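Chains A and B, in that order, are what the protein sequence lines are. Going by our numbering, the first sequence opens with residue 1, and the numbers climb by one from there. Going by our numbering, the second sequence opens with residue 1001, and the numbers climb by one from there. We put the CB at the ideal spot given by N, CA and C, even for glycine. Predicted, not measured: the structure shown is a model, and the values here were computed from it.
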Amino acid sequence: MSLTQDKIHLLEKKATAIRRSVVDMLIEAKSGHLAGALGMADIFTYLYFYGLKHDPKNPKWKYRDRLVLSNGHICPVLYASMAHSGYFPVAELKTLRKFDSRLQGHPHRDFLPMLETSSGPLGSGLSQTIGMALADRIDSGKSSGREFYCLMSDGELDEGNSWEAIMLAAREKIQNLTVIIDRNNIQIDGYTEEIMPLNPLVDKWRSFNWHVQEINGHDFREIDRAVTEARSVFGRPSVIIAHTIPSKGIPSFEKKFEWHGKPPMTAAEIKTARNVE
Amino acid sequence: MLKHDSKLNPKIFDKNVELGSVRQGFGLGIVRAGEIDKNVVALCADLTESLQLDKFKAKFPNRFIEVGVAEQNLVTIASGMARAGKIPFIGSYAVFSPGRNWEQIRTTVCYNNLPVKIIGSHAGVTVGPDGGSHQALEDIALMRVLPRMVVISPCDALEAYKATIAAAKTADPTYIRLARDKTPIISTESTPFDIGKAQVVYESDITSNIHNTRKSSLEMNGPKHKFDVGIIATGPSVYRALMVARKLDRELKRVKVLNVSTIKPLDEHAVLSIAHDSRSLVTVEDHQISGGLGSVIAEFLSHNFPTHIEYIGIRDQFGQSGTPEELVEHYRIGENDIYDAAHRVMLRK
């Protein structure tokens, strides 16, 4: 079943609400990573409100799809998506990065056991997702019905561990694995193509024997089409390279790497950010 | 004499004492662990035969994963499998795992609190001819600083076998350190092994007539303690400690030897007991003293029961090629060094 126009409108509204939560959380916390969290809000919204097989009231549901956030620093959008979809109260989002909060600065299962993994240090989420899929294959064979999603940043493809994992997933032909790359072209020190060029990124993944798709990460129809296609691929893992706009929704912040790792701080910045769309 | 309760190899002091490979002990142990629990899986980084994982691979082919020469992937794949209910054992040389993949162990295993079992082979200078690059002398230090990590250093092949089976039954992140070479068989199948328990392996017979007549000058002049010296050892170094204990015993020195096979959590009761009974200790290990067993014992006793200690271990150096015997002598971790240290520390009482 493809997305209806009505559903798309609903998802767009949800994504805006999640972006607002992200901005509020970072302003309240006075620290955190803004750009990536805003840029991935549409994809998170799609997954939590449409694509993912999950039950927010029963986070340990055995047959849930697994979603691993590898680049843990964009966790405000993970927490906001979880809260808005019913895992925990939206009001709790204000506790981000505060003492004794379940919402640690980077995701930590000790504090929020419903997470699939703790993360933060880059480059290890894909291997962990592959490990989960391999365990699932041992237990249930090739058609367990579970999908394994790993959300990664483009910057963390600098890490060697990422490519070790990419090779292994292809050898194992893990067909129920979908990686979504947040291709926002920024990392902390600057633009990815200046810090450590990743292009031609599509060719790289293809040459590692993955099924590769490239999409606009803010277009729900494209996201839906790509995720649906990824699920139907036979005998290969899938990657969706999602072109996103860092700081999406705050026009004057968009596409600027300077917003990678900081929140709006000055009164003017806060005022601008509160108007996020 | 050998501690009776420990049921050690009665032929331990024979010239032709039987040798066994601790790696093989692990290899047989993981097969047994795999038979006991179907969730036990094994992963290896291009060293399957060397780690003796070939038997497990042959018996449980769909529970074995080869990751290639990629130790960071080795542990992170294992972490994901553990999150999905498996008990993964990962095998490589200790220099590479836990050497190269320390942060992944910290974050994806310990911080994530998952039961990944890390098997680090080729520990110590006794690795021999491969040289310093392949002799892990820092692995205990690397692992013992990690919250939740259990650190085990078996003294021989049988203890490695038992440690592997025991580790498979716990939910803790665990590191097991293995030597490369065949080493003397110290224990027997009946020797008790429990994670977290140190074992007294040698005690001079202080009840016998000959011991009642012992009057060492130390004893005449100093305070009376049950033993003249205590030796605390870990790994295959326990054998050298036993040899020295027997020699000291023949000199009418009263000796007690403790095998600390679990470095963390430390068997504090056993360490307090040997410190209390002897008031002078020698620690023995094939690892950097800094951060290793020597540090462990010093940290614990300095707070709880300050005791004179001499340290036998590697002194802030890298290893090199040679035979294990040559290297043990060169790095001053051999029987003569332990013997001299025992005499030094007795004089400090």
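- CB contact below 8 Å: Ile1263/B versus chain A: Position 263 of the second sequence, counting from 1, holds the residue named residue 1263/B. No, its Cβ sits nowhere closer than 8 Å to a Cβ of chain A.
- Query: For Phe220/A, which of helix, strand or coil comes out of DSSP?
  - Reply: Translated into positions along the first sequence, residue 220/A becomes position 220. Note: Phe220/A maps to helix in three-state DSSP.
- Message: Please report the distance separating the alpha-carbon of Ser1133/B from that of Arg1100/B.
- Response: Here residue 1133/B refers to the residue found at position 133 when the second sequence is read from its first residue. Here residue 1100/B refers to the residue found at position 100 when the second sequence is read from its first residue. Their Cα atoms are separated by approximately 12 Å.
- Query: Beta-carbon separation of Gly217/A and Thr192/A under 8 Å?
  - Reply: Locating residue 217/A in the first sequence gives position 217, counting from the first residue. Locating residue 192/A in the first sequence gives position 192, counting from the first residue. No, they are not a contact pair.
- Name the residues in the stretch 104–116 of chain A whose C-beta lies less than 9 Å from a C-beta of chain B; which are they? His108, Arg109, Asp110 and Glu116
- Task: Please compile the residues from chain B whose C-beta is within a distance smaller than 8 Å of the C-beta of Gln175/A.
- Result: Within the first sequence, residue 175/A is the residue found at index 175, counting from 1. What Gln175/A touches in chain B: nothing, since even the nearest Cβ is about 17 Å away.
- Item | CB of Ala242/A within 8 Å of CB of Ile43/A, strictly | Here residue 242/A is taken as the residue at index 242 of the first sequence, counted from 1. Here residue 43/A is taken as the residue at index 43 of the first sequence, counted from 1. Yes, Cβ-Cβ distance for Ala242/A and Ile43/A is below 8 Å.
- Task: Pair every Cβ in the stretch 134–143 of chain A with every Cβ in the stretch 1083–1090 of chain B, then say whether three or more of these pairs are closer than 8 Å.
- Result: yes
- Task: Go through its chain and collect everything with a Cβ distance to Thr1076/B's Cβ below 6 Å, but skip five positions before and after it.
- Result: Locating residue 1076/B in the second sequence gives position 76, where the first residue counts as 1. Only Gln1104 and Thr1108 meet the Cβ criterion.
- Message: Distance cutoff 8 Å, beta carbons only. Does Glu1103/B sit that close to anything in chain A?
- Response: Translated into positions along the second sequence, residue 1103/B becomes position 103. Chain A, which has a Cβ nearer than 8 Å to the Cβ of Glu1103/B, makes this yes.
- Query: What are the boundary residues of the alpha helix (DSSP H) that includes Lys1253/B?
  - Reply: The residue you call residue 1253/B lines up with position 253 of the second sequence. First-last for Lys1253/B: undefined, no H or E at that position.
- Task: Within the same chain, show all residues whose beta-carbon is closer than 7 Å to that of Asp1181/B, passing over the 5 residues directly before and after it, in chain order.
- Result: As a position in the second sequence, residue 1181/B is number 181, starting the count at 1. So the list reads Thr1126, Gly1128 and Pro1324, once near-sequence residues are dropped.
- Which residues mark the beginning and the end of the beta strand (DSSP E) in which Glu1066/B is found? For the purposes of this step, residue 1066/B is taken as residue 66 along the second sequence, with counting starting at 1. From DSSP, the beta strand (DSSP E) with Glu1066/B extends over Phe1064 to Glu1066.
- When burial is assigned at 16 or more other CB atoms within 10 Å of the CB, is Tyr63/A buried or exposed? Sequence index remark: in the first sequence, residue 63/A carries index 63 (1-based). Exposed, since its Cβ has fewer than 16 Cβ neighbours within 10 Å.
- Message: Which residues in chain A have a C-beta closer than 8 Å to the C-beta of Ala1078/B? List them in chain order.
- Response: Residue mapping note: residue 1078/B aligns to position 78 of the second sequence, counting from 1. Gly131, listed in chain order.
- Task: Can you pull the chain B residues whose beta carbon is under 9 Å from the beta carbon of Asp136/A, in chain order?
- Result: Sequence index remark: in the first sequence, residue 136/A carries index 136 (1-based). Residues of chain B passing the Cβ test: Ala1084.
- Candidates Arg274/A, Gln187/A and Gly141/A: which alpha carbon is nearest Asp158/A's? Numbered from its first residue, the first sequence carries residue 158/A at position 158. The residue with the shortest Cα to Cα distance from Asp158/A is Gln187/A.
- Task: Return helix, strand or coil for Val1145/B, following the three-state DSSP convention.
- Result: In the second sequence, counting from the first residue as 1, residue 1145/B sits at position 145. Looking at Val1145/B - three-state DSSP - the assignment turns out to be coil, as it is neither helix nor strand.
- Take Asp1350/B as the anchor and find which of Ala1157/B, Cys1044/B and Gly1291/B has the nearest alpha-carbon. With chain B represented from 1001 up to 1349, any question about residue 1350/B goes unanswered, as that position is not in the structure.
- Using a cut-off of 8 Å between C-beta atoms, extract the partners of Val1067/B located in chain A. Sequence index remark: in the second sequence, residue 1067/B carries index 67 (1-based). Within 8 Å Cβ-Cβ: Glu164 and Leu168.
- Close-in-space but distant-in-sequence residues of the same chain around Leu1019/B (CB under 8 Å, 5 per side omitted): Counting from 1 along the second sequence, the entry for residue 1019/B is found at position 19. Only Lys1182, Thr1183, Pro1184 and Ile1185 meet the Cβ criterion.
- Task: Leaving out five residues on either side along the sequence, give the residues of the same chain with a beta carbon under 7 Å from the beta carbon of Phe1060/B.
- Result: Numbered from 1 along the second sequence, position 60 holds the residue referred to as residue 1060/B. Within the same chain, Phe1060/B has close Cβ partners Gly1034.
- Can you name the start and end residues of the beta strand (DSSP E) that Met278/A belongs to? Because chain A here runs from 1 to 277, residue 278/A falls outside it and cannot be looked at.
- Query: Under a Cβ-count criterion, where at least 16 other Cβ atoms within 10 Å of its own Cβ denotes burial, should Val1069/B be classed as buried or exposed?
  - Reply: The residue you call residue 1069/B lines up with position 69 of the second sequence. Classification of Val1069/B: exposed, given that the 10 Å Cβ count is below 16.
- Query: Contact check, Leu69/A vs Leu151/A under 8 Å by CB: the rounded distance?
  - Reply: Looking up residue 69/A in the first sequence gives position 69. Looking up residue 151/A in the first sequence gives position 151. That pair is a contact at about 5 Å.
- Query: If the cut is a Cβ gap below 8 Å, which residues of chain B does Gln128/A touch?
  - Reply: As a first step, residue 128/A must be located in the first sequence, where it is residue number 128. Residues of chain B passing the Cβ test: Thr1076, Ile1077, Ser1079, Gly1080, Arg1083 and Thr1108.
- Message: So, under 8 Å CB-CB, Lys1264/B and Arg1144/B are touching, yes? Tell me the CB distance rounded to an integer number of Å.
- Response: Taking the second sequence and counting its residues from 1, one reaches residue 1264/B at position 264. Taking the second sequence and counting its residues from 1, one reaches residue 1144/B at position 144. So it is a contact: roughly 5 Å between Cβ atoms.
- Reduced DSSP secondary structure (H/G/I, E/B, other) of Asp1340/B: Here residue 1340/B refers to the residue found at position 340 of the second sequence. In the structure shown, Asp1340/B sits in a helix (DSSP, three-state: H, G or I).
- Assigned exposure category for Ala1058/B - 16 Cβ within 10 Å defines buried: Mapped onto the second sequence, residue 1058/B falls at position 58. Exposed, by the Cβ-count rule.
- Going by C-alpha distance, which of Gly1025/B, Gln1072/B and Arg1332/B is nearest Ser1050/B? Residue numbering aside, residue 1050/B sits at position 50 when the second sequence is read from its first letter. Closest option to Ser1050/B, Cα to Cα, is Gly1025/B.
- Contact under 8 Å by Cβ, Pro246/A with Gly120/A: Locating residue 246/A in the first sequence gives position 246, where the first residue counts as 1. Locating residue 120/A in the first sequence gives position 120, where the first residue counts as 1. No. Outside cutoff.
- Task: Indicate whether the contact test is met: 3 or more Cβ pairs, each with one atom in the stretch 1318–1336 of chain B and one in the stretch 1294–1302 of chain B, closer than 8 Å.
- Result: no
- Item | Cα-Cα separation between Pro102/A and Ile27/A, rounded to whole angstroms | The residue you call residue 102/A lines up with position 102 of the first sequence. The residue you call residue 27/A lines up with position 27 of the first sequence. At residue 102/A the sequence reads Arg, which differs from the Pro that was named. Taking the straight line from one Cα to the other gives about 18 Å.
- 8 Å Cβ cutoff, Tyr1331/B in contact with chain A: What you label residue 1331/B is simply residue 331 of the second sequence in a count that begins at 1. Taking Cβ atoms only, chain A never reaches closer than 8 Å to Tyr1331/B, which makes this a no.
- Item | Opposing strand residues paired with Leu151/A [DSSP bridges] | For the purposes of this step, residue 151/A is taken as the residue at position 151 of the first sequence. The partner list for Leu151/A (beta bridge, DSSP) reads Leu69/A and Ile180/A.
- Exposed or buried, Glu164/A, counting other C-beta atoms within 10 Å across all chains shown (16 or more means buried)? Reading the first sequence from its first residue, position 164 is the one you call residue 164/A. Glu164/A is buried by the Cβ-count criterion.
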